[in-house]
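Novice: Sharing a structure, written as structure tokens. Questions coming.
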């Protein structure tokens with residue numbers, strides 16, 4: 001004897017009982033559109049004597065009472081017609097209302113669910129018992145949402161593993177790189193004997209490469225701390241104008257060597273001191289200036305300006321560089337991201353600088369964005385609140401420079 005699965009039987013029964021939207025429309029219109037007509041017809045049949053008296057009046061020796069009765073019958077007929085029109089219109093309005101609700105409510109549920117899904121929320125599901133196409137759509141939506149949830153979990157696990165590997169690798173590299181740095185410096189200073197010009201040039205190139213590796217390790221450590229929430233800030237009353245000007249001065253020689261015109265425009269009205277972490281803000285400014293000079297060709301221009309906009313200080317770093325493709329704009333502040341048009345360029349860069357700069361600016365209560373057109377240049381703009389209430393020291397780990405050594 002074959003055993004039946006009650007759950008499968010219920011699912012089969014559920015699938016067999018379906019009410020498509022088109023059938024719902026037909027049934028709804030039939031109930032609320034045709035029913036009033038039937039009612040009006042019944043009322044008309046009940047008042048058949050009225051129609052007979054009007055159609056076959058007695059024109060000879062017309063009795064006044066008959067005339068009054070005819071007029072009364074006419075008024076009754078008029079009332080019936082008005083009632084018929086009212087019932088018909090009411091039925092159609094009711095039908096349209098119920099029809100619109102049966103269609104709009106599931107759509108609103110889907111819209112709300114998609115908004116939650118776009119925000120990155122998990123376990124977003126749509127549960128409808130309409131037994132029509134909307135229920136099928138809800139089923140497919142839930143399958144899609146479940147697939148997205150699983151992929152997000154996988155991505156998060158991969159990112160966690162990647163971040164852990166980067167952190168471990170950076171910490172393991174810092175000590176040997178610092179040792180190599182001091183060895184090169186000792187040789188270059190002549191402490192171990194005189195070198196030929198060719199030997200010195202080779203060591204200088206090696207020292208430069210080692211410095212780039214140390215800088216990369218510093219960025220990796222900063223990124224690791226940002227993700228772990230270990231980056232601390234020491235907010236003190238600081239001149240934003242002075243901090244920006246010092247960063248520009250540091251890059252003037254680099255810009256000069258690349259034949260790039262680097263200019264700084266002070267605010268027309270002096271800004272008051274603001275609660276800033278000068279060291280962290282300097283790192284963000286250096287990253288933004290490095291980005292501007294790296295991707296601006298010889299003969300180009302980079303300008304840095306500060307202005308006050310209401311209760312905010314606005315800093316703009318504008319260049320005439322290669323610009324950013326439109327498709328890359330929304331990813332430009334992502335970790336390890338480099339625009340598609342600069343990947344082939346022989347320029348230093350890890351794709352971490354803008355990610356770090358964004359986090360530092362946001363920790364200061366500010367906002368940062370980019371305006372760019374490919375082959376015409378970019379403007380990186382950030383704002384900081386002038387009356388920032390942040391003050392004092394927030395617990396911090398050692399800085400990246402402390403970990404990799406100083407000159």
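Residue numbers (full-length UniProt numbering): 1 to 407. All residues carry an ideal CB built from backbone N, CA and C; glycine is no exception. Source: prediction; values computed, not measured.
#1: Short of 7 Å in beta carbon distance, which residues of its chain neighbour residue 360, apart from the five on each side in sequence? Order them along the chain.
#2: Where DSSP assigns a beta bridge to residue 237, which residues make up the other side?
#3: By Cβ distance below 6 Å, which residues in the same chain neighbour residue 366 in space, the five residues on each side in sequence not counted?
#4: Could you have a look at residue 388 and say whether DSSP puts it in helix, strand or coil?
#5: State the Cα-Cα distance for the pair residue 323 and residue 375, rounded to the nearest angstrom.
#6: Can you give me the C-alpha to C-alpha distance between residue 316 and residue 379, rounded to a whole angstrom?
#7: Quick one: measure Cβ to Cβ for residue 244 and residue 168, integer angstroms, because I've assumed they're closer than 8 Å.
#8: Who does residue 383 pair with in a DSSP beta bridge?
#9: Do the CB positions of residue 145 and residue 221 come within less than 8 Å of each other?
#10: Tell me the DSSP bridge mates of residue 305?
#11: Please check the pair residue 253 and residue 313, which I expect to be a contact at CB under 8 Å, by giving their CB distance rounded to whole angstroms.
#12: Give me the DSSP bridge partner(s) of residue 373.
#13: Are the segment 148-157 and the segment 204-218 touching by the rule of at least three beta carbon pairs closer than 8 Å?
#14: Report the three-state DSSP secondary structure of residue 337 (helix, strand or coil).
#15: Keeping to the same chain, check which residues put their C-beta closer than 8 Å to that of residue 213; ignore five residues upstream and five downstream.
#16: In chain order, what residues of the same chain have a beta carbon less than 6 Å from the beta carbon of residue 181, not counting five sequence neighbours either side?
#17: Using 8 Å for Cβ pairs, my map puts residue 276 next to residue 140. What's the rounded Cβ distance?
#18: The alpha helix (DSSP H) that contains residue 270, what's its start and end?
#19: Rounding to the nearest angstrom, what Cα-Cα distance links residue 235 and residue 295 in this structure?
#20: Run the CB neighbour count on residue 165, radius 10 Å, all protein chains shown included, and call it buried at 16 or more, exposed below.
#21: Please return the same chain residues whose Cβ sits closer than 8 Å to the Cβ of residue 161, not counting the five positions on each side in sequence.
#22: My guess is that residue 298 and residue 329 are in contact by the Cβ rule of under 8 Å, so how many angstroms apart are they, rounded?
#23: Note down the Cα distance separating residue 318 from residue 356, rounded to an integer number of angstroms.
#24: Of the residues 187, 292, 352, 137, which one's Cα is nearest the Cα of residue 321?
#25: Taking the alpha-carbon positions, what's the residue 401 to residue 219 distance?
#26: According to DSSP, simplified to helix, strand and coil, what is residue 342?
#27: In angstroms with no decimal places, state the Cα-to-Cα distance between residue 224 and residue 163.
#28: Along the chain, where does the alpha helix (DSSP H) containing residue 136 start, and where does it finish?
#29: Using a Cβ-Cβ cut-off of 6 Å (strictly less than) and excluding sequence neighbours within five positions of residue 335, which residues of its own chain qualify?
#30: Only counting the same chain, and skipping five residues up and downstream in sequence, which positions put a Cβ closer than 7 Å to that of residue 387?
#31: Looking at residue 333 and residue 304, is the spacing between their C-beta atoms short of 8 Å?
#32: Are the CB atoms of residue 271 and residue 308 within a distance shorter than 8 Å?
#33: Is the beta carbon of residue 149 sitting closer than 8 Å to the one on residue 126?
Specialist: The answer reads as follows:
#1: 280, 281, 283, 284
#2: 275
#3: 382, 383, 384
#4: Of the three classes helix, strand and coil, the one that applies to residue 388 here is coil, per DSSP.
#5: Residue 323 and residue 375 have their C-alpha atoms some 5 Å from each other.
#6: 6 Å
#7: Here residue 244 is actually not in contact with residue 168; their C-beta atoms are around 36 Å apart, not less than 8 Å.
#8: 314, 367
#9: no
#10: 265, 316
#11: Not a contact, Cβ separation roughly 27 Å.
#12: 377
#13: As far as the Cβ criterion goes, the segment 148-157 does not touch the segment 204-218, which means the pair count is below three.
#14: coil
#15: 173, 177
#16: 210
#17: Not really, about 51 Å apart at Cβ, beyond 8 Å.
#18: Run containing residue 270: none; DSSP gives neither H nor E here.
#19: 32 Å
#20: exposed
#21: none
#22: Actually they are not in contact, since the Cβ atoms of residue 298 and residue 329 sit about 26 Å apart, beyond 8 Å.
#23: The alpha-carbon atoms of residue 318 and residue 356 are separated by roughly 19 Å.
#24: 292
#25: The predicted model places residue 401 with a pLDDT of 40, which falls under 50 and marks its position as unreliable, so this point remains unresolved.
#26: coil
#27: 7 Å
#28: It spans 133-188 - the alpha helix (DSSP H) in which residue 136 sits, taken as one unbroken run.
#29: 355
#30: 311
#31: no
#32: yes
#33: no
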